[in-house]
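Worksheet for the structure shown next.
Printed below as a string of structure tokens:
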């Protein structure tokens, strides 16, 4: 599972809560881009599937 690169996290202007793997789920970079970890996307997909049932 791909997580956000450490050097991107170090220069982030905002960091979200951790995903289920213990890494930041998302960060906002200096240019305003938001990066999401693939684990966070997977977590959200599983959660939405559970809610739909």
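Residue numbers (full-length UniProt numbering): 1 to 53.
Virtual Cβ for every residue (Gly too), placed ideally from N, Cα, C.
Under DSSP, residue 35 forms a beta bridge with 27.
Beta-bridge annotation (DSSP): residue 14 is paired with 28. Straight across, the Cα-Cα distance linking residue 28 with residue 4 is about 11 angstroms. Taking 7 angstroms as the cut-off, the Cβ atoms of residue 16 and residue 25 count as close. Secondary structure at residue 20: coil, using DSSP grouped into helix, strand and coil.
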